[in-house]
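**Q** Shown below is the structure under consideration.
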Amino acid sequence: MSFNSQSESHLINEARLHAETRAENNKQLAGQHTQIRSGKNTDILEPFAKAYLGLFLEIDNTFSPEQRIHFLVSDDLAEAIIEGLVNVLSSNRFPTPAEIGKKMADGERFEVGYIVLAGMDLLVKKYSESDKAFSLLDKQVLASALCFHYANSNDFRNIWVDAFFSYDRVLLSQTFQEFWAVQIKKDVSYLPGLGEQLKTRKGQERVGEIILPILSAWHGYKKKTLGVLLAIALRYADKNQLLTIVEKILETETNLNPRMRIVWMTTAFIIRPDGYWQQMQDYTYRSKEKLLPLLDFSVALLDEISLNVDVLTKIIRLVAPKFPPHIDDFGELAANPQKTLRLFYELGNRTELLTSQLDWLRSARVMKIVSPVLDEVERLNKIKHQHNSFPDFPAFISALLHGGKLKEKRSRFKNKL
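Counting with the numbering used here, you get residues 185 to 601 for the letters of the sequence shown.
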């Protein structure tokens, strides 16, 4: 046995622990080297794939994956097994993404997935560029391997997965769509791999290619995930197709949580403001339960898309009276007032003059409590229009604070019994 990184005593002690198992395996597999190398007998390869991936607790995982196989069989058999784990990728038909997804949704898994994962790791290690390894395999094998990465999860780091994400965008989208579609039918609350994609802009672009089928069929999402998915849809999907899906959800999902419904409704409002403005007013009327998720979703969207100035103006009209940008009794600006200020900030940061929008806001009696903020937004908007300059958000807040424009004007009777 040739081991590179561990001390000699550590190696000898570990080998002694598995000497009996090694002898039994050598006896059982004697003379089967050729068959093992071919990769066609997955029953033989399965336990060694699991050892490679570190799934045997009795084997010290500080040793390399290859070394863990050497502990269980003679060196010549170990080399045959390692070769067989690579050859298995081109010697067998594996379950499809849909089949793997169904099995996973049922709380089960294909054991052959461990063999595929071990084989992928060994194959990619042979090449300096992962794309070269990928090009040697059938696309169906690559698709299955990615799904096994999620379905047969373990602590082993599949180094090839990140490279695969940028290898074949069409294949990746098709794989996720097939893998997730069958799980969505099972009404799962978690789509494996989705959260990972949502963390990066590139991942969101990938999800954007299949976002409409996800939104039209999946009901197991959480509120935060729904907001991200709808933001992706507004950014990448066809707006008319998205509106059709949103309207169907609003019409058919009669028991939809209000915090969810307002996010769907806001999406429809953004796409077709005139058609949904009255509904937005009626549905959110004086309800913090509905206006708070509207505020959260709207502010989150500002980092993803550019909201139409009239849409933004009307959202401010809805949320500002309930969450006015005022400091508290300790002179602090809490989280929700800061979010409201972010909406005002984005409204003012437009090159076009906002005279009509600001006049419309001022015409509402309930907006009187934010008059100082509206005045500042108008002043800065004129500067933006004339000189194309605008302060950053912290400077915007600081100016309002120092100017005393975030103090609530209280009635002298307000705090009296």
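The C-beta atom is built at its ideal place from N, Cα and C for all residues, glycine as well.
Give me, in chain order, the residues of the same chain whose beta-carbon lies closer than 7 Å to that of K600; leave out the 5 immediate sequence neighbours on both sides.
**A** In the sequence shown, counting from the first residue as 1, residue 600 sits at position 416. Note that K600 has pLDDT 40, beneath the 50 cutoff, so the model's placement of it is unreliable and the number below is only indicative. No residues qualify anywhere along the chain.
**Q** DSSP state of P477, grouped into three classes?
**A** What you label residue 477 is simply residue 293 of the sequence shown in a count that begins at 1. Here DSSP, grouped into helix, strand and coil, assigns P477 to helix.
**Q** For the alpha helix (DSSP H) containing I398, name the first residue and the last one.
**A** Stepping through the sequence shown from its first residue, residue 398 is reached at position 214. Counting along the chain, the alpha helix (DSSP H) containing I398 begins and ends at 395-401.
**Q** Pull up the distance between the alpha-carbon of K386 and that of T451, whole angstroms please.
**A** To locate residue 386, count along the sequence shown from 1; it is residue 202. To locate residue 451, count along the sequence shown from 1; it is residue 267. Using only the alpha carbons, I get a separation of about 22 Å.
**Q** Relative to the C-alpha of L382, which candidate in T409, D543, L356 has its C-alpha closest?
**A** For the purposes of this step, residue 382 is taken as the residue at position 198 of the sequence shown. T409 is the residue among T409, D543, L356 whose C-alpha sits nearest the C-alpha of L382.
**Q** Drop a sphere of 10 angstroms on the beta-carbon of S595, count the other beta-carbons inside from all chains shown, and report buried for 16 or more, exposed for fewer.
**A** The residue labelled residue 595 in the question sits at position 411 within the sequence shown. Because the pLDDT of S595 is 46, which lies under 50, any placement of that residue in the model is unreliable, and the number read from its coordinates should be weighed accordingly. Exposed is the call here.
**Q** So, helix, strand or coil for V296, using DSSP?
**A** For the purposes of this step, residue 296 is taken as the residue at position 112 of the sequence shown. Three-state result, V296: helix.
**Q** For T535 and L558, I'd like the C-alpha separation in whole angstroms.
**A** One-based indexing of the sequence shown puts residue 535 at position 351. One-based indexing of the sequence shown puts residue 558 at position 374. Computed Cα separation, rounded: 16 Å.
**Q** Which runs of the alpha helix (DSSP H) at least 4 residues long sit entirely within the segment 218-268? Give them in chain order.
**A** 226-236, 249-254
**Q** Check the C-beta distance from I265 over to L229 and give it rounded, since I have them as a contact under 8 Å.
**A** Working through the sequence shown from its first residue, we reach residue 265 at position 81. Working through the sequence shown from its first residue, we reach residue 229 at position 45. L229 and I265 do touch by the CB rule: their CB atoms are close to 7 Å apart, below 8 Å.
**Q** Apart from the five residues just before and just after E530, which ones in its own chain have a Cβ nearer than 8 Å to its Cβ?
**A** As a position in the sequence shown, residue 530 is number 346, starting the count at 1. Excluding positions up to five away in sequence, the list reads L486, L491, L496.
**Q** Between which two residues does the alpha helix (DSSP H) carrying L382 extend?
**A** Indexing the sequence shown from 1 puts residue 382 at position 198. That run of the alpha helix (DSSP H) goes 378-382.
**Q** Express the C-alpha separation of S274 and L195 in angstroms, rounding to a whole number.
**A** Here the question's residue 195 lines up with position 11 in the sequence shown. Here the question's residue 274 lines up with position 90 in the sequence shown. Rounded to whole angstroms, L195 to S274 spans 34 Å at the Cα level.
**Q** Check whether the Cβ of N197 lies closer than 7 Å to any heavy atom of the ligand GDP, and answer yes or no.
**A** What this structure holds is no ligand at all, so the ligand GDP is not there to describe.
**Q** Return the first residue and the last residue of the alpha helix (DSSP H) that A504 is part of.
**A** As a working note, residue 504 is residue 320 in the sequence shown. Per DSSP, A504 belongs to no alpha helix (DSSP H) and is neither H nor E.
**Q** Using 8 Å as the threshold, is the segment 536-549 in touch with the segment 559-574, meaning 3 or more CB pairs across them?
**A** yes
**Q** Please classify S191 as buried or exposed, where buried requires at least 16 other C-beta atoms within 10 Å of its C-beta.
**A** For the purposes of this step, residue 191 is taken as residue 7 along the sequence shown, with counting starting at 1. Flag for S191 reads exposed.
**Q** Look at the alpha carbon of D605 and the alpha carbon of L475, and state the distance between them as a whole number of angstroms.
**A** As displayed, the chain neither begins before 185 nor continues past 601, which places residue 605 out of reach and without an answer.
**Q** Measure the alpha-carbon distance for I253 versus A327 and round it to whole angstroms.
**A** Taking the sequence shown and counting its residues from 1, one reaches residue 253 at position 69. Taking the sequence shown and counting its residues from 1, one reaches residue 327 at position 143. About 27 Å.
**Q** Under the assumption that N336 contacts R293 (Cβ atoms under 8 Å), give the Cβ distance between them as a whole number of angstroms.
**A** Position 152 of the sequence shown, counted from the first residue, corresponds to residue 336. Position 109 of the sequence shown, counted from the first residue, corresponds to residue 293. With 8 Å as the limit, N336 and R293 qualify as a contact, their Cβ atoms being about 5 Å apart.
**Q** Start and end of the alpha helix (DSSP H) containing Y469?
**A** Within the sequence shown, the letter at position 285 stands for residue 469. Membership of Y469 in any alpha helix (DSSP H) is not indicated, and neither H nor E is assigned to it by DSSP.
**Q** Identify, in the order they occur along the chain, each residue of the same chain with its Cβ nearer than 6 Å to the Cβ of L517, setting aside the five sequence neighbours on each side.
**A** In the sequence shown, the residue the question calls residue 517 occupies position 333. Excluding sequence neighbours, L517 sits near I511.
**Q** Assign S314 to buried or exposed, taking buried as 16 or more other Cβ atoms, counted over all protein chains shown, within 10 Å of its Cβ.
**A** For the purposes of this step, residue 314 is identified with residue 130 of the sequence shown, where counting begins at 1. S314 is buried by the Cβ-count criterion.
**Q** Can you tell me the Cα-Cα spacing of A365 and G377, whole angstroms?
**A** One-based indexing of the sequence shown puts residue 365 at position 181. One-based indexing of the sequence shown puts residue 377 at position 193. About 13 Å.
**Q** State buried or exposed for K523, treating a residue as buried only when at least 16 other CB atoms are found within 10 Å of its CB.
**A** In the sequence shown, residue 523 corresponds to position 339, counting from 1. Buried.
**Q** What is the DSSP secondary structure of Q367, counted as helix, strand or coil?
**A** Translated into positions along the sequence shown, residue 367 becomes position 183. Of the three classes helix, strand and coil, the one that applies to Q367 here is helix, per DSSP.
**Q** Could you compute how far the alpha carbon of Q324 sits from the alpha carbon of Y298?
**A** Position 140 of the sequence shown, counting from 1, holds the residue named residue 324. Position 114 of the sequence shown, counting from 1, holds the residue named residue 298. Between the C-alpha atoms of Q324 and Y298 there is a straight-line separation of about 17 Å.
**Q** Just checking my contact of L418 with I454 at CB under 8 Å: how many whole Å lie between their CB atoms?
**A** Here residue 418 is taken as the residue at index 234 of the sequence shown, counted from 1. Here residue 454 is taken as the residue at index 270 of the sequence shown, counted from 1. Confirmed, about 6 Å.
**Q** Taking M449 as part of the alpha helix (DSSP H), name the residues at either end of that continuous run.
**A** Working through the sequence shown from its first residue, we reach residue 449 at position 265. Its alpha helix (DSSP H) spans residues 442-455.
**Q** Return helix, strand or coil for E431, following the three-state DSSP convention.
**A** The residue given as residue 431 occupies position 247 in the sequence shown. Of the three classes helix, strand and coil, the one that applies to E431 here is helix, per DSSP.
**Q** Could you work out which residue in V257, T428, V372 is closest to G215 when comparing CA atoms only?
**A** If you number the sequence shown from 1, residue 215 lands on position 31. It is V257.
**Q** At the level of alpha carbons, what is the spacing between A203 and N197?
**A** On the sequence shown, residue 203 is found 19 positions in, with the first residue counted as 1. On the sequence shown, residue 197 is found 13 positions in, with the first residue counted as 1. Cα-Cα distance, rounded: 10 Å.
**Q** Which residue from E263, A289, V296 puts its Cα closest to that of N276?
**A** As a working note, residue 276 is residue 92 in the sequence shown. With distances taken between Cα atoms, N276 lies closest to V296.
**Q** Please list the terminal residues of the continuous alpha helix (DSSP H) segment that includes A327.
**A** Your numbering for residue 327 matches position 143 in the sequence shown. Looking at the DSSP string, the run of the alpha helix (DSSP H) that includes A327 is 323-335.
**Q** Can you grab the Cα-Cα spacing for the pair R546 / Y351, in whole Å?
**A** Along the sequence shown, one-based indexing puts residue 546 at 362. Along the sequence shown, one-based indexing puts residue 351 at 167. For R546 and Y351, the distance between alpha carbons rounds to 54 Å.
**Q** Cα separation between L356 and P509?
**A** Taking the first residue of the sequence shown as position 1, residue 356 is located at position 172. Taking the first residue of the sequence shown as position 1, residue 509 is located at position 325. Whole-angstrom Cα-Cα distance: 45 Å.
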